[in-house]
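These protein sequences, in sequence, are chains R and G. Take the first sequence: its position 204, counted from the start at 1, is 205 in this note's numbering, and no numbers get skipped. Take the second sequence: its position 13, counted from the start at 1, is 33 in this note's numbering, and no numbers get skipped. The structure appears right after this line, and notes come after that.
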Amino acid sequence: MTSRGDFLRAPAGVEPCDGQAGDCSRCGRIFSERFPLLERQVNGRPLVYLDSAATTQKPGAVIAAEARYYREHNANVHRGMHTLGVEATDLYEACRSRVGRFLGVPGERVVVTRGATSALNLVAGGLGSSLKPGDEIIVTEMEHHANLVPWIELARREGLVLRHLPVTADGELDLERLPQLLTPRTRVVALTHVSNVLGTINPVAEIAAAAHRRGALVVVDAAQSVGHLPFTFAELGADFLVFSAHKAYGPMGLGFLVGGAEALERLQPVEFGGEMIETVTMDSATWAAVPYRFEAGTPNVGAAAAFPAALDTIDEATLQRLRQHEISLTGYALERLERLGGLTIFGPRDAAQRGGLVSFHDPMVHPHDMAQLLDSQGIAVRAGHHCAQPLHRRLGVVATSRASFGMYNSHDDIDALVDGIGYARSVFGA
Amino acid sequence: MNTGMDELYREVILDHHRSPRGREPLPGPADARAEGKNPSCGDELVLELACAGGAITGAHVECHGCAIATASSSILAELVAGRTPEQVRVLAEAFRTAMHSADGVLADDLDPGDLEVLTGVRKFPARVKCALLPWITLLSALDAEGEGKPAAPATTEA
Ligand SMILES: Cc1ncc(COP(=O)(O)O)c(C=O)c1O
Chain R
2 MTSRGDFLRA PAGVEPCDGQ AGDCSRCGRI FSERFPLLER QVNGRPLVYL
52 DSAATTQKPG AVIAAEARYY REHNANVHRG MHTLGVEATD LYEACRSRVG
102 RFLGVPGERV VVTRGATSAL NLVAGGLGSS LKPGDEIIVT EMEHHANLVP
152 WIELARREGL VLRHLPVTAD GELDLERLPQ LLTPRTRVVA LTHVSNVLGT
202 INPVAEIAAA AHRRGALVVV DAAQSVGHLP FTFAELGADF LVFSAHKAYG
252 PMGLGFLVGG AEALERLQPV EFGGEMIETV TMDSATWAAV PYRFEAGTPN
302 VGAAAAFPAA LDTIDEATLQ RLRQHEISLT GYALERLERL GGLTIFGPRD
352 AAQRGGLVSF HDPMVHPHDM AQLLDSQGIA VRAGHHCAQP LHRRLGVVAT
402 SRASFGMYNS HDDIDALVDG IGYARSVFGA
Chain G
21 MNTGMDELYR EVILDHHRSP RGREPLPGPA DARAEGKNPS CGDELVLELA
71 CAGGAITGAH VECHGCAIAT ASSSILAELV AGRTPEQVRV LAEAFRTAMH
121 SADGVLADDL DPGDLEVLTG VRKFPARVKC ALLPWITLLS ALDAEGEGKP
171 AAPATTEA
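Shown next as structure tokens:
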């Protein structure tokens, strides 16, 4: 069983990183001058932002587009007959189509949500009424709480059985266990595309094919992959995919559920109110068509008006180049952190098998202290359990430090990180 | 060090972190026990107290946390021995107040020991929880002891 898909490797003819042909020993930043926040200082030092897995910084074009929406077009969507209402609706719907185009699906199959978390809650809640006590759901041990807790809650409410696909010592999904876990009662397999802690890129297409042979639906949490890895919805072979705009260089408060046509028809709405109905009497209501039936209430139109500018930036750089860049940075980070010695580094060793992040643990310096001391040097990393407590339990640590990369990072940032870790160790006399 | 790091990681704190007190198991069964958690970061702590003749005679802590939480639990272990549960409650309450006040002063008659140094952490709001975790766990252990039932796990979240 192997088929990580050729899309993980650079297609022929794509130059690595900034175009240093052949072996790219150090790469330049991509479009970093377009990210205004990166100019600021933190604690008297130039900011070294290594927390893009939590949220990426935003290009000026995105910030400007959101401001322009509120300055020039602000009105509620789908209800105004007036000019502003029409403009706002056009911008909102243009975002839907743009996301569809980015992932290779028609706009009608893109549901606008508040983020990945609310999209996952929509899928879990929306499938709930079609599941029966004793039905089984498979989740993996490397899920973010956002793709775990909604299923735990659903299982509790509906009497479902939750099964866990474990993680191997190498930080990959234990695919050998999958055939035993998939049973005729398996209804849903929910997994992350890229782990936000291990960086592991999961073979979603392969798992989806196995799940489909059992008639189960496949839900993919693509929060860490959209905007970072080149792929289309169809290539993943999933029934549902969710992600947040803010991790793909877009604004906060906006996310998407992308689904297969049949899968979306099977989903029941979980929020009710304005915008999602067709006709309402005092006692009954009929639902609007997909995707509108899942979009009750006023959405984040300002964010939707801005997100296409983020996708344009990504497309201008090309996902192939962004991917090569992240592989190069991740490979360099793995190498330098390894060479420091004394650190436990989690996840696959091969940078080409991982997303752009590296989590590590220093037995001398607790992750909080590490993050605090790095911050004093202007270096932003995340410390904690990264909303993945079961995985951390499996890794045998309560917390890790995580450095994660975006298009604007360079090898220099990783050098700064390594120096910063040295400084943190010196404070602790290590 | 720079940007206040020397204020956060004072030598006294680093010393408690390097060689934390109260790590030896209690000589007999614990008279009170509680677990504490900081859900936002996953830090965990187990606290056991031995009591005799109306006073706390010893504390045993197991702390899986950062330097601040570890130092705070070490200072706690050092300070509670020989005090009555009531005195310890007053001390815990005074520490909490100090951590949320501008000057962070602890009255001398509380005999606050190294806790005085720990109040410097109040200037780093994100770390106040780390310093308080052992103390809320302590309160939870004392409550349980008073009521003769197992302690509810303490948490830094409201
Ligand atoms: C893998 C993964 N899934 C889901 C989420 C949740 O995203 P959001 O908080 O934007 O809803 C995150 C963000 O931390 C994540 O990394």
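The beta-carbon is built from N, C-alpha and C at its ideal position, and this holds for glycine as well.
Tell me which residues of the segment 344-367 of chain R have at least one Cβ-Cβ distance to chain G shorter than 7 Å, keeping chain order.
His-367
Do G/Ala-164 and G/Ala-87 have their beta-carbon atoms positioned less than 8 Å apart in this structure?
No Cβ-Cβ contact shorter than 8 Å links G/Ala-87 with G/Ala-164.
Taking only beta-carbon positions, decide if R/Gly-400 is within less than 8 Å of chain G.
Residue 400 of chain R is actually Ala in this sequence, not Gly. Yes, contact with chain G.
G/Cys-61 versus chain R: which residues are under 9 Å apart at the beta carbon?
Pro-368, His-369, Ala-384, Gly-385, His-386, Val-399 and Ala-400
Can you tell me whether DSSP reads R/Pro-47 as helix, strand or coil?
strand
What runs of the beta strand (DSSP E), each 3 residues or longer, lie entirely inside the segment 326-404 of chain R?
358-362 and 383-385
Which residues bound the beta strand (DSSP E) around G/Asp-51?
It is not in any beta strand (DSSP E) - G/Asp-51 carries neither H nor E in the DSSP assignment.
Going by beta-carbon coordinates alone, are R/Thr-401 and R/Pro-349 separated by less than 8 Å?
With respect to the 8 Å criterion, R/Thr-401 and R/Pro-349 are not classified as neighbours on the basis of their beta carbons.
Check the C-beta distance from R/Thr-57 over to R/Gly-407 and give it rounded, since I have them as a contact under 8 Å.
5 Å
So, helix, strand or coil for R/Val-219, using DSSP?
strand
Cβ of R/Asp-52 within 7 Å of any heavy atom in ligand 1?
no
Tell me, which residues are paired with R/Val-281 by DSSP?
R/Ala-286
Within 10 angstroms of its Cβ, does R/Gly-423 collect 16 or more other Cβ (buried), or is it exposed?
With fewer than 16 Cβ atoms within 10 Å of its Cβ, R/Gly-423 is classed as exposed.
Pairwise C-alpha distance: R/Pro-309 and G/Cys-61:
If you draw a straight line from the Cα of G/Cys-61 to the Cα of R/Pro-309, it is about 34 Å long.
According to DSSP, what are the bridge partners of R/Gly-260?
R/Phe-241
Cβ neighbours of R/Val-398 in the same chain (closer than 6 Å, five flanking residues each side left out)
So the qualifying residues of the chain are His-362.
Answer yes or no: does any C-beta atom of chain R fall closer than 8 Å to that of G/Leu-34?
Cβ-Cβ to chain R under 8 Å: yes for G/Leu-34.
Taking a cut of 9 Å between CB atoms, which residues from the segment 134-160 of chain R lie near chain G?
none
Best match in R/Gly-274, R/Asp-414 and R/Ala-125 for proximity to R/Ser-329 [C-alpha to C-alpha]:
R/Asp-414
If you check the beta carbons only, do R/Phe-32 and R/Thr-299 fall under 8 Å apart?
no
R/Gln-373 at chain G interface by Cβ criterion, 8 Å
yes
C-alpha distance - G/Ala-172 paired with G/Pro-45, whole-angstrom precision
21 Å
beta-carbon R/Gln-378 near ligand 1 non-hydrogen atom, thresh 7 Å
Outside the cutoff, so no.
Contacts of G/Leu-162 in chain R (Cβ-Cβ under 9 Å):
Simply none; closest approach about 25 Å.
So, are the CB atoms of G/Ser-92 and G/Gly-42 less than 8 Å apart?
no
Just mark R/Asp-24 as buried or exposed, buried being the case when its beta carbon has 16 or more other beta carbons within 10 Å.
Bear in mind that a pLDDT of 43 at R/Asp-24, under 50, signals an unreliable position, so the model cannot answer this.
Sorted by chain position, which residues of the same chain lie with C-beta nearer than 8 Å to G/Arg-30's C-beta, five sequence neighbours on each side aside?
Val-137 and Gly-140
Local Cβ density within 10 Å of R/His-83, reported as buried at 16 or more and exposed below that
exposed
Contact set between R/His-393 and chain G, taken where Cβ atoms lie within less than 8 Å:
Gly-62
contact_flag[the segment 73-84 of chain G, the segment 104-122 of chain G] where n(CB pairs < 8 Å) is 3 or more:
Here the segment 73-84 of chain G lies against the segment 104-122 of chain G, with 3 or more beta-carbon pairs under 8 Å apart.
Give, in chain order, every unbroken run of the alpha helix (DSSP H) that is at least 4 residues long and sits entirely within the segment 94-120 of chain G.
105-119
Compute the beta-carbon to beta-carbon distance between R/Phe-347 and R/Leu-199, rounded to the nearest angstrom, for a pair I have assumed lies under 8 Å.
5 Å
Residues of chain R with CB closer than 9 Å to the CB of G/Gly-73, please, in chain order.
Chain R residues near G/Gly-73: none, gap ~37 Å exceeds 9 Å.
Return the chain-ordered list of same chain residues with a C-beta closer than 6 Å to the C-beta of G/Val-108, the five sequence neighbours on each side being excluded.
Val-100
Could you tell me which of R/Glu-173, R/Gly-135, R/Glu-266 and R/Ser-98 sits nearest to R/Glu-159, measuring between CA atoms?
R/Gly-135
For the beta strand (DSSP E) containing R/Thr-114, name the first residue and the last one.
111-114
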